[in-house]
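Respectively, the protein sequence lines represent chains A and B. Okay, so the first sequence: first residue is 4 according to this note's numbering, each after it adds one. Okay, so the second sequence: first residue is 176 according to this note's numbering, each after it adds one. Glycine included, C-beta positions come from ideal geometry on N, C-alpha and C. Quantities reported herein were computed from a predicted structural model and do not represent experimental measurements.
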Amino acid sequence: MTFDQDLVNQGLTLTAIGIGTAFGILIVMMLLIQLMGWLVRIPARRAARARMAADAAAAESRDKALAAVAAVSALMKSAGPLESDAAVPAKAGTRKGAEG
Amino acid sequence: MSELTDFLNSSGLANLDWRAAVMVAVGLLFIFLAISRDMEPYELLPIGLGVIIANLPLTGMTIFSDNLSGHQESGIFGIVFHYGLSFWNLLPPIIFLGIGAMTDFSPVIANPRTLLLGGAAQLGIFVAFWGALATGLFDIEEAATIGIIGGADGPTTIFLSARLAPEMLGITAVIAYSYMASVAFIQPPLMKLLTTENERRIVMTPPREVSRLEKLLLPPMAMILIILVVPRSAPLISMLMIGNLFRESGVVPRLANAASNELVNIATIFLMITVGTQLSADRVFDTDTIVILGLGLVAFACGTVGGLVLAKLMNLVLKEKMNPLIGSAGVSAVPMAARISHHVGQQANPRTFLLGHAMGPNVAGVIGSAVVAGVFISLLPGG
Numbered sequence: 004m005t006f007d008q009d010l011v012n013q014g015l016t017l018t019a020i021g022i023g024t025a026f027g028i029l030i031v032m033m034l035l036i037q038l039m040g041w042l043v044r045i046p047a048r049r050a051a052r053a054r055m056a057a058d059a060a061a062a063e064s065r066d067k068a069l070a071a072v073a074a075v076s077a078l079m080k081s082a083g084p085l086e087s088d089a090a091v092p093a094k095a096g097t098r099k100g101a102e103g
Numbered sequence: 176m177s178e179l180t181d182f183l184n185s186s187g188l189a190n191l192d193w194r195a196a197v198m199v200a201v202g203l204l205f206i207f208l209a210i211s212r213d214m215e216p217y218e219l220l221p222i223g224l225g226v227i228i229a230n231l232p233l234t235g236m237t238i239f240s241d242n243l244s245g246h247q248e249s250g251i252f253g254i255v256f257h258y259g260l261s262f263w264n265l266l267p268p269i270i271f272l273g274i275g276a277m278t279d280f281s282p283v284i285a286n287p288r289t290l291l292l293g294g295a296a297q298l299g300i301f302v303a304f305w306g307a308l309a310t311g312l313f314d315i316e317e318a319a320t321i322g323i324i325g326g327a328d329g330p331t332t333i334f335l336s337a338r339l340a341p342e343m344l345g346i347t348a349v350i351a352y353s354y355m356a357s358v359a360f361i362q363p364p365l366m367k368l369l370t371t372e373n374e375r376r377i378v379m380t381p382p383r384e385v386s387r388l389e390k391l392l393l394p395p396m397a398m399i400l401i402i403l404v405v406p407r408s409a410p411l412i413s414m415l416m417i418g419n420l421f422r423e424s425g426v427v428p429r430l431a432n433a434a435s436n437e438l439v440n441i442a443t444i445f446l447m448i449t450v451g452t453q454l455s456a457d458r459v460f461d462t463d464t465i466v467i468l469g470l471g472l473v474a475f476a477c478g479t480v481g482g483l484v485l486a487k488l489m490n491l492v493l494k495e496k497m498n499p500l501i502g503s504a505g506v507s508a509v510p511m512a513a514r515i516s517h518h519v520g521q522q523a524n525p526r527t528f529l530l531g532h533a534m535g536p537n538v539a540g541v542i543g544s545a546v547v548a549g550v551f552i553s554l555l556p557g558g
């Protein structure tokens with residue numbers, strides 16, 4: 004097994020350039036694909052953020068509404084029974100039955 | 176009586192030597208393996224028929240004559256070999272168009288890190304290249320042609336052989352396809368040897384959903400990048416990406432269908448029979464052939480090892496570990512090598528589903544070997 008020096012040099016050059024180019028191209032492709040994925044998903048990320056913000060706003064307004072309902076209920080309880088409640092005893096019975 | 180003697184002397188039987196008879200038997204064996212064992216049937220069946228045609232005496236089907244005054248001198252496979260391969264090298268790029276139209280790049284887009292495994296698997300090409308040079312039997316073009324067998328990509332092997340060493344085309348193509356058909360025997364022992372049971376049991380999270388826009392952007396982006404760096408890989412890479420864009424665009428279903436069905440099938444018929452016809456007895460019964468057979472096996476084994484070892488190395492730095500078995504799929508051989516990764520993973524842990532992940536390095540291996548072929552053509556005098 005004897006190697007001609009020129010052949011060795013040519014072989015080494017081919018190997019270095021071949022492996023280097025294959026890896027270099029695949030690494031650049033990997034980075035470009037990652038960048039592409041990141042860019043392409045920007046609108047989706049924005050939409051998700053907007054949806055989360057909308058959900059948060061809806062939750063906040065729902066909390067406010069609940070707080071208002073609670074406040075009104077508490078006020079009504081402290082003010083005593085309404086005249087209309089006394090006027091419809093049958094309905095109150097039904098409600099009690101339903102709760103039981 | 177003399178007419179009868181002349182007729183008998185001109186018959187194939189009188190001119191059949193034992194080596195040609197052995198090759199006819201080899202052709203029949205290929206046909207048997209393709210039909211009964213389902214081993215690469217689209218390749219081995221027509222190659223087997225081609226081997227038989229080439230070794231039956233006096234058929235004239237593989238002759239090519241460029242003598243303008245000679246009528247009816249060339250045989251059909253001589254013409255196909257000359258114009259389809261050695262002169263214009265048309266058929267491998269057409270096959271790549273079909274492969275592109277059949278390939279889904281989603282696994283690569285979902286997990287681009289797996290591209291690196293396809294790069295590592297090209298190690299086999301260079302080990303076989305140096306092995307061929309070390310024997311002293313081959314010049315550097317022939318060594319490169321033998322090395323590309325390690326890319327485990329039939330059309331790329333044929334493309335490079337036709338360009339650098341046309342006389343070796345038949346043998347390198349058949350060895351490449353034979354080893355591709357044998358990945359189920361070659362790879363699993365190496366995969367088990369180089370990985371621990373725990374590594375093989377690693378469960379990978381399913382690849383993310385890939386958007387249509389990403390699938391549309393990849394082919395032109397990859398084509399421009401690769402061809403700008405290695406223009407000589409353009410015949411293969413451009414056709415691969417054109418075929419893929421036909422598929423992903425969704426607006427030219429007839430073209431995508433034609434590329435992935437009619438066109439690739441017609442090209443396969445002529446390419447594979449013609450490759451078979453290059454396996455004449457005088458070429459095969461040669462020490463070089465035995466050496467190429469051995470180097471091809473070394474190339475496949477080293478490609479498998481390269482992918483596995485890089486996957487293990489990547490696991491040292493990755494937060495989410497990958498199953499190193501997908502590294503062996505970097506040797507191209509689409510999709511058999513990916514199936515082997517999946518199968519060996521399932522043996523270790525039935526909850527491991529590696530097929531989708533292994534298709535990434537598998538596709539990267541196709542790209543990597545086409546790039547290396549382009550580098551060989553660019554730098555070698557015969558290219």
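Residue j and residue i - do their beta-carbons sit closer together than 7 Å?
i	j	result
B/V197	B/T449	no
B/A513	B/A486	no
B/R429	B/G549	no
B/A327	B/I412	no
B/L365	B/C477	no
B/L574	B/I350	Absent from the structure is residue 574 of chain B, since the part of chain B shown begins at 176 and ends at 558.
B/P330	B/I270	yes
A/M33	B/L403	no
B/A442	B/F421	no
B/L308	A/G14	yes
B/L369	B/L491	no
B/A295	B/G481	yes
B/S503	B/S516	yes
B/Q453	B/G322	no
B/I391	B/E423	For the sequence presented, residue 391 of chain B should be read as Leu rather than Ile. In this structure, B/E423 lies closer than 7 Å to B/L391 by Cβ.
Among the options, which residue has its Cα nearest to the Cα of residue i?
i	options	result
B/M236	B/G253, B/N286 and B/L220	B/G253
B/P394	B/L272, B/S186 and B/G225	B/L272
B/A523	B/P268, B/T371 and B/Y352	B/T371
B/G250	B/P341, B/I228 and B/I269	B/I228
B/S353	B/L191, B/I515, B/I222 and B/L391	B/I222
B/P216	B/V404, B/N490 and B/A356	B/A356
A/M39	B/L493, B/F475, B/M396 and B/S413	B/M396
B/G557	B/W263, B/Q453, B/A337 and B/D213	B/A337
B/T347	B/K367, B/F334, B/T331 and B/I324	B/I324
B/P382	B/A433, B/G531 and B/I401	B/G531
A/Q37	B/V283, B/T380 and B/V302	B/V283
B/I274	B/A309, B/T310 and B/N419	B/N419
B/L493	B/V547, B/M379 and B/L415	B/M379
B/I401	B/L391, B/K390, B/L415 and B/E389	B/L415
B/I552	B/M214, B/F334 and B/G311	B/F334
Tell me the DSSP secondary structure of residue i in three-state form.
i	result
B/E384	coil
B/L186	Sequence check: residue 186 of chain B is Ser here, not Leu. Correct three-state label for B/S186: coil.
B/I254	helix
B/I228	helix
B/W263	coil
B/I377	coil
B/D279	coil
B/P556	coil
B/F360	helix
B/S240	coil
B/F205	helix
B/E178	helix
A/D66	helix
A/K99	Residue confidence for A/K99 is low, a pLDDT of 47 falling below 50, so the modelled location carries little weight and cannot support an answer.
Sorted by chain position, which residues of the same chain lie with C-beta nearer than 7 Å to residue i's C-beta, five sequence neighbours on each side aside?
i	result
B/G520	R375, N498, L500, T527 and L529
B/G306	L470 and V473
A/K99	Note that A/K99 scores 47 on pLDDT, short of 50, meaning its location in the model is unreliable; the coordinates nonetheless yield the value given after this. Excluding residues within five positions, none has a Cβ falling inside 7 Å.
B/G187	L231, P232 and L233
B/V385	S281, I284 and A285
Within its chain, find whatever has a CB closer than 6 Å to the CB of residue i; leave out the 5 residues flanking it on each side and keep chain order.
i	result
B/P363	V519
B/G293	G505, P536, A539, G540 and G543
A/I20	none
B/L446	L266
B/A209	P216, L219 and L220
B/E316	L339, A340, L555 and G557
B/V427	F421
B/P561	Outside the modelled stretch of chain B, which goes from 176 to 558, sits residue 561 of chain B, for which no answer is possible.
Counting only beta-carbon atoms, is residue i nearer than 7 Å to chain E?
i	result
A/L42	Here chain E cannot be found, since the structure's protein chains are A and B.
Got a sec? Which residues, its chain only, sit under 8 Å from residue i by beta carbon, not counting five neighbours each side?
i	result
B/L224	G202, I206, I448 and G451
B/S177	none
B/I444	P221
A/I45	none
B/D457	R194
B/N264	F334, A337, R338 and P410
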